[in-house]
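Enquirer: In the numbering used here, each residue's number is its place in the sequence shown (first place is 1) plus 51.
For each residue, glycine too, the CB sits at the ideal point set by N, CA and C.
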Amino acid sequence: MTLFLNEEHVRKHLRMVDLIPTMEKALIDFSAGKVTQPVRSVIPVDPPGGFYGMMPALTPEGLGQKIVTFYPPNAEKGIPTHMALIVLNDPQTGKPLAVMDGRLITEMRTAAVSAAATKLLAPSDSKILAILGSGVQARSHVEALRLVRRFEEIRVWGPTRAHAEECAKEIGAKATSAENAVRNADVVVTVTSSKTPVLRGKWLKPGCHVNAVGACRPDWRELDDEAIRNIVFVDSREAAMKESGDVILSGAKIYAELGEAFAGKVPPRANETTIFKSLGMAVEDVTAALLVYRSAML
52 MTLFLNEEHV RKHLRMVDLI PTMEKALIDF SAGKVTQPVR SVIPVDPPGG
102 FYGMMPALTP EGLGQKIVTF YPPNAEKGIP THMALIVLND PQTGKPLAVM
152 DGRLITEMRT AAVSAAATKL LAPSDSKILA ILGSGVQARS HVEALRLVRR
202 FEEIRVWGPT RAHAEECAKE IGAKATSAEN AVRNADVVVT VTSSKTPVLR
252 GKWLKPGCHV NAVGACRPDW RELDDEAIRN IVFVDSREAA MKESGDVILS
302 GAKIYAELGE AFAGKVPPRA NETTIFKSLG MAVEDVTAAL LVYRSAML
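(1) Would the region 148-157 count as touching the region 166-177 if we require 3 or more Cβ pairs under 8 angstroms?
(2) Per DSSP, ASN262 is paired with what?
(3) Determine which residues share a DSSP beta bridge with SER92 and list them.
(4) Less than 8 angstroms between the CB atoms is what I'm expecting for ALA171 and ALA321, so what's the real figure, rounded?
(5) By the 10 Å Cβ neighbour count, where 16 or more other Cβ atoms means buried, how is THR144 classified, buried or exposed?
(6) Helix, strand or coil: how does DSSP classify THR87 here?
(7) Ends of the alpha helix (DSSP H) at VAL61?
(8) Applying the 10 Å Cβ sphere with the 16-neighbour rule, what's the burial state of PHE81?
(9) Decide if the region 116-127 is in contact with the region 315-330; the criterion is three or more beta carbon pairs, one per stretch, under 8 angstroms apart.
(10) Work out the CA separation of ILE71 and ARG201 for me, nearest whole Å.
(11) Let me know the beta strand (DSSP E) ranges lying completely inside the region 109-138, each 3 residues or longer, listed in chain order.
(12) Using three-state DSSP, classify LEU300 as helix, strand or coil.
(13) Considering only the alpha carbon of each residue, which of VAL242, PRO98, ILE279 lies closest to THR161?
(14) Name the DSSP bridge partner or partners of VAL283?
(15) Helix, strand or coil: which one does DSSP assign to ASP69?
(16) May I ask which residues mark the beginning and end of the alpha helix (DSSP H) holding VAL334?
(17) So, for THR371: in the same chain, excluding its five sequence neighbours on each side, which residues have a beta-carbon less than 8 angstroms away from its beta-carbon?
(18) Excluding the 5 residues flanking GLU204 on each side, which residues of the same chain have their C-beta closer than 6 angstroms to its C-beta?
(19) What separation, rounded to the nearest whole angstrom, lies between the Cα atoms of VAL334 and THR110?
(20) Since ARG197 is in the alpha helix (DSSP H), which residue starts that stretch and which ends it?
(21) Are there 16 or more other CB atoms within 10 angstroms of the CB of GLY209, so buried, or fewer, so exposed?
(22) I'd like to know whether the C-beta atoms of PRO269 and GLU308 end up nearer to each other than 8 angstroms.
(23) Where does PRO107 land, buried or exposed, given buried means 16+ other C-beta within 10 angstroms?
(24) Hey, how far is the Cα of ALA224 from the Cα of MET52?
(25) Would PRO257 be called buried (16 or more neighbouring beta carbons within 10 Å of its own) or exposed?
(26) For THR169, count the other beta carbons within 10 Å of its own beta carbon; 16 or more makes it buried, fewer makes it exposed. Which is it?
(27) Measure the C-alpha to C-alpha separation of CYS267 and LEU250 and round it to an integer number of angstroms.
(28) Would DSSP call PHE202 helix, strand or coil?
(29) Ignore the nearest five residues each way along the sequence and tell me which others in SER165's own chain have a CB closer than 8 angstroms to its CB.
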């Protein structure tokens with residue numbers, strides 16, 4: 052029988068502390084050529100200004116697909132901008148094993164990958180975290196990053212002051228301007244729906260690490276040219292050259308895939324200013340869904 056799991060079921064069976072090392076392994080497998088995964092196929096839905104994405108992957112451990120919708124206008128309606136379903140199949144027979152809600156998996160695996168990147172690339176004594184954005188990804192990133200670094204101060208900026216203050220109150224942070232948040236921060240996270248840069252390179256502390264998570268379309272940006280001119284890691288070169296406006300429009304040079312650095316194939320250059328441009332991949336969703344499925348079957 053096919054297993055059906057809603058978001059509460061997923062929440063019960065998925066733990067961030069397990070997800071971070073699992074995402075690291077998934078990225079190593081991807082960069083080693085062990086994953087069959089086309090670049091995400093996206094259909095614009097305009098109006099109202101949404102996107103419908105299809106993300107299949109065959110991994111060393113499983114087979115599946117995520118169907119994801121991204122509707123930025125939903126933020127004004129008080130409903131999630133990202134919603135998703137994940138289907139897992141038996142690689143040997145094609146049999147559907149599970150259908151599960153993918154919204155929470157998307158939220159958590161994105162933050163888990165950023166945490167894995169931060170563990171490798173950020174200064175070991177990082178004390179100040181800056182978050183540009185005040186939605187669910189801001190909250191999830193704080194949860195994940197606290198597992199890999201001991202922050203003494205967290206600063207939050209959001210395009211809507213009231214939302215930023217609400218988020219700051221929830222996570223024990225200070226709401227401030229984007230520039231004040233970033234100045235002297237050891238780790239910076241950009242998780243906005245902005246189509247134009249919100250992070251200026253001149254604000255960055257030398258040697259800091261940036262997780263750039265928003266701007267997932269080829270004509271959108273969160274980082275200006277000066278910021279993206281640093282040491283750039285990506286989850287997938289192919290995807291970055293097709294989907295990342297930060298990379299495409301700036302002409303930035305990609306140093307390495309994150310999986311290559313995890314595997315020790317390239318130096319992490321953690322003493323320099325590093326950028327991880329995160330786009331999200333199907334291998335992450337399928338691998339995370341397998342964690343949920345196996346726990347639910349126990």
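Expert: Reading it off the structure:
(1) no
(2) Mapped onto the sequence shown, residue 262 falls at position 211. For ASN262, which the question treats as bridged, DSSP gives the partners VAL240, PHE327.
(3) For the purposes of this step, residue 92 is taken as residue 41 along the sequence shown, with counting starting at 1. Answer by DSSP bridge pairing, in chain order: MET105.
(4) By one-based count along the sequence shown, residue 171 stands at place 120. By one-based count along the sequence shown, residue 321 stands at place 270. The sequence as given places Leu at residue 171; Ala does not occur at that position. Yes, they are in contact, since the Cβ atoms of LEU171 and ALA321 sit about 7 angstroms apart, within 8 angstroms.
(5) Looking up residue 144 in the sequence shown gives position 93. By the neighbour-count rule (16 or more Cβ atoms within 10 Å), THR144 is not buried but exposed.
(6) By 1-based counting over the sequence shown, the position of residue 87 is 36. Strand.
(7) Looking up residue 61 in the sequence shown gives position 10. It spans 58-64 - the alpha helix (DSSP H) in which VAL61 sits, taken as one unbroken run.
(8) Within the sequence shown, the letter at position 30 stands for residue 81. So PHE81 ends up on the buried side.
(9) no
(10) One-based indexing of the sequence shown puts residue 201 at position 150. One-based indexing of the sequence shown puts residue 71 at position 20. Using only the alpha carbons, I get a separation of about 16 angstroms.
(11) 114-121
(12) As a first step, residue 300 must be located in the sequence shown, where it is residue number 249. LEU300 falls in the coil class under three-state DSSP.
(13) Taking the sequence shown and counting its residues from 1, the one referred to as residue 161 is at position 110. Of the candidates VAL242, PRO98, ILE279, the one whose C-alpha sits nearest the C-alpha of THR161 is VAL242.
(14) To locate residue 283, count along the sequence shown from 1; it is residue 232. ILE305, ILE326, per the DSSP bridge assignment.
(15) As a working note, residue 69 is residue 18 in the sequence shown. Reduced to three states, the DSSP call for ASP69 is helix.
(16) On the sequence shown, residue 334 is found 283 positions in, with the first residue counted as 1. Per DSSP, VAL334 belongs to the alpha helix (DSSP H) from 333-348.
(17) Past the boundaries of the shown model lies residue 371; the chain is included only from 52 to 349, so the question cannot be answered.
(18) For the purposes of this step, residue 204 is identified with residue 153 of the sequence shown, where counting begins at 1. Contacts found: ILE179.
(19) Start at 1 with the first residue of the sequence shown, and residue 334 comes out as number 283. Start at 1 with the first residue of the sequence shown, and residue 110 comes out as number 59. Rounded to the nearest angstrom, the two C-alpha atoms are 7 angstroms apart.
(20) In the sequence shown, the residue the question calls residue 197 occupies position 146. Counting along the chain, ARG197 falls outside any alpha helix (DSSP H), and DSSP gives it neither H nor E.
(21) Position 158 of the sequence shown, counting from 1, holds the residue named residue 209. Per the 10 Å Cβ criterion, buried.
(22) Indexing the sequence shown from 1 puts residue 269 at position 218. Indexing the sequence shown from 1 puts residue 308 at position 257. Not in contact: PRO269 and GLU308 (Cβ atoms no closer than 8 angstroms).
(23) For the purposes of this step, residue 107 is taken as residue 56 along the sequence shown, with counting starting at 1. Looking at its Cβ environment, which holds 16 or more other Cβ atoms inside 10 Å, PRO107 is buried.
(24) For this step, residue 224 is matched to residue 173 along the sequence shown. For this step, residue 52 is matched to residue 1 along the sequence shown. Each residue's Cα considered, the two are about 46 angstroms apart.
(25) Against the sequence shown, residue 257 aligns to sequence position 206. So PRO257 ends up on the exposed side.
(26) Counting from 1 along the sequence shown, the entry for residue 169 is found at position 118. The residue in question, THR169, is buried, as its Cβ has 16 or more Cβ neighbours within 10 Å.
(27) Along the sequence shown, read from residue 1 onward, the residue named residue 267 stands at position 216. Along the sequence shown, read from residue 1 onward, the residue named residue 250 stands at position 199. Straight-line Cα distance between these residues: approximately 15 angstroms.
(28) On the sequence shown, residue 202 is found 151 positions in, with the first residue counted as 1. DSSP places PHE202 in coil when its eight states are reduced to three.
(29) Walking along the sequence shown from the start, residue 165 turns up at place 114. Closer than 8 angstroms at Cβ, skipping near neighbours: HIS192, ALA195, LEU196, VAL240, ASN262, VAL264, PHE327, SER329.
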